[in-house]
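Colleague: Chains as they are written, first to last, in our numbering: chain A, 1 to 272; chain B, 1 to 341. Using N, Cα and C, we set each Cβ at its ideal position, and we do this for glycine too. All values derive from a computational prediction rather than experimental measurement. Can you keep this structure in mind? I'll have questions shortly.
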């Protein structure tokens, strides 16, 4: 019981603190480039929900095709143009929808949306901290997330279609434009988006870890931490351990794609 | 038009914002109306809702399990598959029992111990004995399941005697099956030798290639009761060879040899009788997204008696008909010279 009270006091104090600052904050610093963990949590929530709707809408289209393969849906042509000619979903675009749907759901909703929203909202409240260890990094983390979402959404609307090799993007299918049309510009944009995503995940993860380790209120020992905070903490550690490896790989790959496949594949083809 | 749509969307957002403000203001004005009586009424209806949800959910679960069981795969047509099916069924049984117990407990207790005048919330933070029990029991059960699974796995991937070597070769978007012939050795191949007449890139200078036979149509046959060792190779991207009726699947990775062995135990004709479907055929499917026409990458598999299999094999393409290509060493220099993909 003692612990609960201490945490409660800290939370109240925290509210007072933000209230004081309300008066000399502009709209831009309060709602857009906010460094307050609650506002950032809401920003994550709203962005992830919009992405979730986008992903759900894609699954609706490809599952209509899957469920009724013989039926023609006239609205598809007006909705997605050349990909739905004659009311039938183009097989290549079907793959693209599956891929982008999977990517959005796994990365932007389940990884980014859930962890970004709930870690940001609950960690400071439940450990009794005033805010995250670094409000600025936290803000940066959200805006990298937003950038990543924007690039991924944009990639759906390019002429050759988005990445289509499944969300696990196994090369060589996803690496060679000859293997399928989506592996050209679509794949490059996918990689760029993922690089931004991993940057946001790292910035966020480091912040969560620092907050849990350093900013616990008096009396809140690690063994007294709520299970939710332990879950966020372990998630953040796992993310920080695994994502740099993936980032390095994706960065190398995307720069290869951007520089017209100068490095890996040319060398690979010459040496074999 | 676009301007109109934009304006209407903006106005819509504005209306929503105003509505939310009104709701907030009204709730502030009326103050908190949650009296204790009302709380209890809420708890009662929610508790009852839990029970309704449980009955509906579990009822639907039972109905769907029975109704959809007709779409399940028929009995396993391979030797190792019988053991796998048994293991899967044991898993299902354990998971099913635990599922029912936990779901019923979850919903019933939420109903029974809802807050009302009779009960009050009771803070019960820990019970080491109980926690020990629910940690150790699942650990033992899961370990047993994993060990049995591992034993099955080792059995499937152990070296078998008298197995016939067969290659399954995948490319965008079809399959070729190559049989090793009387010498039971798959001859050498090289992707640089691939031409229209030589889709597998067979190296005619290798004596082991001479008696190899490969399929040209979209149908492969395998002999009943013969242990088969499949070697999987891909030409272009990663594929996955999936034989659902034989409970077998293995990835095909370009530049790598992967293997899977199984022994077919039921011929196509017998399986047609078992399923009561005289159009039934075994299939080989690609089970990894491999490009735009991935869904068309499918081959008919026929399990024959050994005599029928021999007769069918004669109708297939012989590797000895492949023209001897220049030696690979000569090819290397020409390929190295060109940089284009």
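#1: With 7 Å set as the bound, which would you pick, yes or no: does the beta-carbon of residue 238 of chain B sit closer than that to a beta-carbon of chain A?
#2: Assess contact between the segment 190-206 of chain B and the segment 274-292 of chain B, defined as three or more Cβ pairs (one per stretch) separated by less than 8 Å. Is contact present?
#3: Excluding the 5 residues preceding and the 5 following residue 48 of chain B in the sequence, name in chain order all residues of the same chain whose CB lies nearer than 6 Å to its CB.
#4: In chain order, what residues of the same chain lie with their CB nearer than 6 Å to the CB of residue 193 of chain A, ignoring the 5 residues before and after it?
#5: For the candidate residues B/117, B/149, B/232, whose alpha-carbon lies nearest to that of residue 86 of chain B?
#6: If we call anything under 7 Å between Cβ atoms a contact, is residue 210 of chain B one with residue 320 of chain B?
#7: Give the secondary structure of residue 179 of chain B by DSSP, where H, G and I count as helix, E and B as strand, and everything else as coil.
#8: Whose CA, out of B/269, B/273, B/317, lies closest to the CA of residue 302 of chain B?
#9: Go through its chain and collect everything with a Cβ distance to residue 271 of chain B's Cβ below 8 Å, but skip five positions before and after it.
#10: Is DSSP giving residue 258 of chain B helix, strand or coil here?
#11: I want to see whether chain A comes within less than 7 Å of residue 7 of chain B, judged by CB atoms only; does it?
#12: Does any residue of chain B bring its CB to less than 7 Å from the CB of residue 253 of chain A?
#13: In this structure, does DSSP put residue 286 of chain B in helix, strand or coil?
#14: Pair every Cβ in the segment 35-42 of chain A with every Cβ in the segment 133-140 of chain A, then say whether three or more of these pairs are closer than 8 Å.
#15: Interface residues of chain B around residue 133 of chain A at Cβ under 8 Å?
#16: Counting only beta-carbon atoms, is residue 322 of chain B nearer than 7 Å to chain A?
#17: Can you tell which of B/80, B/88, B/114 has the C-alpha that lies nearest to the C-alpha of residue 39 of chain B?
#18: Please name the residues in the segment 273-307 of chain B whose beta-carbon is closer than 9 Å to at least one beta-carbon of chain A, in chain order.
#19: So the alpha helix (DSSP H) residue 115 of chain A belongs to, where does it begin and stop?
#20: Quick one: give me the first and last residue of the alpha helix (DSSP H) that residue 80 of chain A is part of.
#21: Does residue 93 of chain B come out as helix, strand or coil in the three-state DSSP assignment?
#22: Flag residue 250 of chain A as yes if its beta-carbon sits less than 7 Å from any beta-carbon of chain B, otherwise no.
#23: In whole angstroms, what separates the C-alpha of residue 93 of chain A from that of residue 227 of chain B?
#24: Do you know offhand how far residue 239 of chain A's Cα is from residue 220 of chain B's?
Modeller: So, to answer that:
#1: For residue 238 of chain B, the nearest CB of chain A lies under 7 Å from its own CB, placing it at the interface with that chain.
#2: In short, these stretches do not touch, since the Cβ pair count stays below three.
#3: Beyond the five residues adjoining it in sequence on each side, residue 48 of chain B comes within less than 6 Å, by CB distance, of no other residue in the same chain.
#4: So the qualifying residues of the chain are 148, 151, 152.
#5: Distances from the alpha-carbon of residue 86 of chain B to those of B/117, B/149, B/232 put B/149 closest.
#6: Taking 7 Å as the Cβ cut-off, residue 210 of chain B and residue 320 of chain B qualify as a contacting pair.
#7: Strand, per DSSP.
#8: For the residues B/269, B/273, B/317, the minimum Cα distance to residue 302 of chain B belongs to B/269.
#9: If we look at residue 271 of chain B and ignore the five residues flanking it on each side, its Cβ neighbours are 74, 77, 245, 280, 282, 303.
#10: It is a strand residue.
#11: Output row for residue 7 of chain B: interface = no.
#12: For residue 253 of chain A, the answer is no, since every Cβ of chain B falls outside 7 Å of its Cβ.
#13: Note: residue 286 of chain B maps to strand in three-state DSSP.
#14: Yes, the segment 35-42 of chain A is in contact with the segment 133-140 of chain A.
#15: What residue 133 of chain A touches in chain B: nothing, since even the nearest Cβ is about 29 Å away.
#16: For residue 322 of chain B, no Cβ of chain A is located within less than 7 Å of the residue's own Cβ.
#17: Taking only the C-alpha atoms, the option nearest residue 39 of chain B is B/114.
#18: Residues passing the 9 Å Cβ filter: 288, 289, 290, 291, 292, 293, 294, 295, 296.
#19: Segment 115-127, the alpha helix (DSSP H) holding residue 115 of chain A.
#20: Going by DSSP, residue 80 of chain A is part of the alpha helix (DSSP H) stretching over 75-80.
#21: When secondary structure is reduced to three states using DSSP, residue 93 of chain B falls in the helix class.
#22: At a cut-off of 7 Å between beta-carbon atoms, residue 250 of chain A makes no contact with chain B.
#23: Here the C-alpha atom of residue 93 of chain A lies approximately 41 Å from the C-alpha atom of residue 227 of chain B.
#24: Taking the straight line joining both Cα atoms gives about 46 Å.
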